[in-house]
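*Asks:* Following the numbering used here, the numbering of the sequence shown begins with 23 at its first residue and continues without gaps. Yeah, the Cβ is synthetic: ideal placement off N, Cα and C, and Gly gets one too.
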Amino acid sequence: MSTYFEDRFRGYSCNFNLLEKLVNNKCEASDYYAWVRDTYKQYYATANEEQKGRFIIRYYKSKKLMYSSAQMLVEAKVAKRNECVVAYYYLIYYALFQAMQANLIICTAYDDEKVLQLSHENVKKFFDEQFCKTKKCPLDGDIVVQLEKLREYREYYSYAMPFNLSKDAVIDEDVLEEYIKICYQFLNLRLFIFSEEVSKSVKLDISCKDSVREYMYKSCNRIGDTNVFQDDADQNFWYELERYGGADILPITMAYDHDFDEYGTYDYEVYEKINMPRTQYIVREALSLIYSIL
Numbered sequence: 023m024s025t026y027f028e029d030r031f032r033g034y035s036c037n038f039n040l041l042e043k044l045v046n047n048k049c050e051a052s053d054y055y056a057w058v059r060d061t062y063k064q065y066y067a068t069a070n071e072e073q074k075g076r077f078i079i080r081y082y083k084s085k086k087l088m089y090s091s092a093q094m095l096v097e098a099k100v101a102k103r104n105e106c107v108v109a110y111y112y113l114i115y116y117a118l119f120q121a122m123q124a125n126l127i128i129c130t131a132y133d134d135e136k137v138l139q140l141s142h143e144n145v146k147k148f149f150d151e152q153f154c155k156t157k158k159c160p161l162d163g164d165i166v167v168q169l170e171k172l173r174e175y176r177e178y179y180s181y182a183m184p185f186n187l188s189k190d191a192v193i194d195e196d197v198l199e200e201y202i203k204i205c206y207q208f209l210n211l212r213l214f215i216f217s218e219e220v221s222k223s224v225k226l227d228i229s230c231k232d233s234v235r236e237y238m239y240k241s242c243n244r245i246g247d248t249n250v251f252q253d254d255a256d257q258n259f260w261y262e263l264e265r266y267g268g269a270d271i272l273p274i275t276m277a278y279d280h281d282f283d284e285y286g287t288y289d290y291e292v293y294e295k296i297n298m299p300r301t302q303y304i305v306r307e308a309l310s311l312i313y314s315i316l
């Protein structure tokens with residue numbers, strides 16, 4: 023098995039074992055590395071200040087999607103243990119969907135507007151284009167097939183709950199979970215490449231600050247007033263971005279301390295209002311899952 027990716031970042035704490043298994047040799051791994059590096063370099067060399075500012079937001083959104091995917095996967099397993107069938111199929115679909123989304127958000131083949139709200143059909147199409155059909159990428163197209171099957175299962179159990187479970191809606195969890203983990207490692211690898219080969223930080227130009235903030239509203243807000251941050255973590259990210267005039271583009275494994283501090287930190291009162299016990303079990307399991315993979 024090749025260890026090309028881990029050798030490239032020897033000295034950093036990172037794990038690319040699932041990606042190493044996808045390539046036949048170091049030459050294939052090197053070709054993929056160079057393809058990602060050159061794509062990012064070309065993008066960054068031609069991007070204007072507003073595009074660079076928006077890339078910071080895309081980076082932030084990609085991380086949030088990965089953490090959300092991990093929580094969905096953990097919650098799906100809890101739902102299954104408790105015989106919550108509808109919740110299980112719903113959550114397991116979104117665990118894969120958001121893992122794939124996270125990679126597409128920082129894929130510069132698609133412009134800022136295209137990646138704002140990626141639909142199921144767009145995720146299928148774009149992921150197939152960037153991760154399955156290209157000869158540079160070692161991932162096969164079965165992940166897209168799995169995503170489509172999961173959507174069918176989710177809809178089958180959500181739109182009209184059947185009286186009996188269907189023998190046609192059986193999930194191979196080992197295969198599915200491996201694809202999700204591969205997506206996490208791909209995201210971490212691409213962020214390592216950007217940070218090491220292109221730029222460790224990206225400046226927020228004062229002339230486009232307002233438009234970048236509007237882009238972040240569009241990217242992160244889904245309910246209520248779309249001109250305020252609805253997640254305290256988003257508010258804090260923007261505060262630091264504005265204060266320091268830019269942001270570091272850190273791989274997931276180099277941003278653990280900060281991200282772990284932000285995850286599930288500001289919502290004690292909400293748990294009380296909805297009368298839900300706050301054991302932090304789900305958050306702990308999600309963080310542990312990510313830590314073990316990367």
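(1) Who pairs with Lys225 in a beta bridge, going by DSSP?
(2) Just how far apart, CA to CA, sit Thr287 and Ser233?
(3) Short check: CB of Leu311 to CB of Ile204, under 8 Å?
(4) Rounded C-beta distance between Arg59 and Glu177? I'm assuming under 8 Å.
(5) Note down the Cα distance separating Lys136 from Thr156, rounded to an integer number of angstroms.
(6) Would you mind stating whether Phe149 and Leu118 have Cβ atoms separated by less than 8 Å?
(7) Can the beta-carbon of Glu264 be found closer than 8 Å to that of Lys222?
(8) Between His280 and Glu143, what straight-line distance do the alpha-carbon atoms span, to the nearest angstrom?
(9) Tell me which residue opens and which closes the alpha helix (DSSP H) that Lys74 is part of.
(10) CB Ser180 to CB Val292, shorter than 8 Å?
(11) Specify, as a first and last residue, the run of the alpha helix (DSSP H) that Glu307 falls within.
(12) Note down the Cα distance separating Thr248 from Gln64, rounded to an integer number of angstroms.
*Replies:* The answer reads as follows:
(1) Position 203 of the sequence shown, counting from 1, holds the residue named residue 225. Partner(s): Gly268.
(2) Locating residue 287 in the sequence shown gives position 265, counting from the first residue. Locating residue 233 in the sequence shown gives position 211, counting from the first residue. C-alpha separation (whole angstroms): 28 Å.
(3) If you number the sequence shown from 1, residue 311 lands on position 289. If you number the sequence shown from 1, residue 204 lands on position 182. The beta carbons of Leu311 and Ile204 sit no closer together than 8 Å.
(4) Position 37 of the sequence shown holds residue 59. Position 155 of the sequence shown holds residue 177. The pair is not a contact, with the Cβ atoms about 39 Å apart (cut-off 8 Å).
(5) Translated into the one-based positions of the sequence shown, residue 136 becomes position 114. Translated into the one-based positions of the sequence shown, residue 156 becomes position 134. Whole-angstrom Cα-Cα distance: 20 Å.
(6) In the sequence shown, the residue the question calls residue 149 occupies position 127. In the sequence shown, the residue the question calls residue 118 occupies position 96. Cβ atoms of Phe149 and Leu118: not closer than 8 Å.
(7) On the sequence shown, position 242 is the one that residue 264 refers to. On the sequence shown, position 200 is the one that residue 222 refers to. Contact check for Glu264 against Lys222 fails: the beta carbons are separated by 8 Å or more.
(8) Counting from one through the sequence shown, the residue named residue 280 turns up at place 258. Counting from one through the sequence shown, the residue named residue 143 turns up at place 121. Roughly 33 Å between the two C-alpha positions.
(9) The residue you call residue 74 lines up with position 52 of the sequence shown. Glu71 to Arg103 is the span of the alpha helix (DSSP H), which, as asked, contains Lys74.
(10) As a first step, residue 180 is located in the sequence shown; it is residue number 158 there, counting from the start. As a first step, residue 292 is located in the sequence shown; it is residue number 270 there, counting from the start. It is not a contact, given that the beta carbons lie outside the stated cut-off.
(11) Your numbering for residue 307 matches position 285 in the sequence shown. For Glu307, the enclosing alpha helix (DSSP H) starts and ends at Tyr303 to Ile315.
(12) Here residue 248 refers to the residue found at position 226 of the sequence shown. Here residue 64 refers to the residue found at position 42 of the sequence shown. Those two C-alpha atoms are separated by around 33 Å.
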